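Peer 1:
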Amino acid sequence: MVLPHFQKKVSAITDFPEPSTVKELRRFLALANFYRRFVPNAARMQAVLNAFLKGAKKNDKTPITWTNEAKSAFEKCKHDLAEATVVYHPSVNATLTIVVDASDNAVGVALQQQVTTDCILFHVSFSCSTEMQCIRQSFWQPTWPLNIFVVW
1 MVLPHFQKKV SAITDFPEPS TVKELRRFLA LANFYRRFVP NAARMQAVLN
51 AFLKGAKKND KTPITWTNEA KSAFEKCKHD LAEATVVYHP SVNATLTIVV
101 DASDNAVGVA LQQQVTTDCI LFHVSFSCST EMQCIRQSFW QPTWPLNIFV
151 VW
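Here full-length UniProt numbering is used: the first residue of the sequence shown is 1, the next is one more, and so on.
1. Tell me whether F126 sits in a helix, a strand or coil according to DSSP, three-state version.
2. As a quick exercise: from L25, T21 and N41, pick the residue whose alpha carbon is nearest that of A106.
3. Are the CB atoms of L31 and L49 within a distance shorter than 8 Å?
4. So which of L96, Q112 and P19 has the shortest CA-CA distance to F38?
5. Once the 5 residues before and after T14 are set aside, which same chain residues still bring their CB inside 7 Å of it?
6. Going by beta carbon distance, what residues of the same chain come within less than 7 Å of A94, once the five residues before and after it are set aside?
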């Protein structure tokens, strides 16, 4: 359910046309990054799109050659942003849960709380990163892919 005053923002995301240039993609990613912390695994999904920005100038009007993977990532990103989880204020009396996820390309964490007695977890915060290169160089061990979040 989308509250009426949020419908305009959701429409801006769902109606966003497929970018044809790097500059247009940068504009979409700026919008996506504003809400990124509310979307689980956003860093992993946006990594495919961010690859188009490597080496590009700020106002680069270079055309984008879309792959199926990139198109899928763009549509999934739009869908995930439109369906983004509502983030609640934490309650001092509720149990906190930390949910983590890591892969070779990204790490993420979600802080959740069980506020009611029916075991439903409410999201308090999200965070994610694709900045894995510095972690790999400093701390990486082959057996650590799911434990790297501790360093992060």
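Virtual Cβ for every residue (Gly too), placed ideally from N, Cα, C. None of these values were measured; they are calculated from a predicted model.
Peer 2: Per the coordinate set shown:
1. strand
2. N41
3. no
4. Q112
5. Listed in chain order, the non-local C-beta contacts of T14 below 7 Å within the same chain comprise K78 and A82, local neighbours out to five positions each way being set aside.
6. Q113, Q114 and V115
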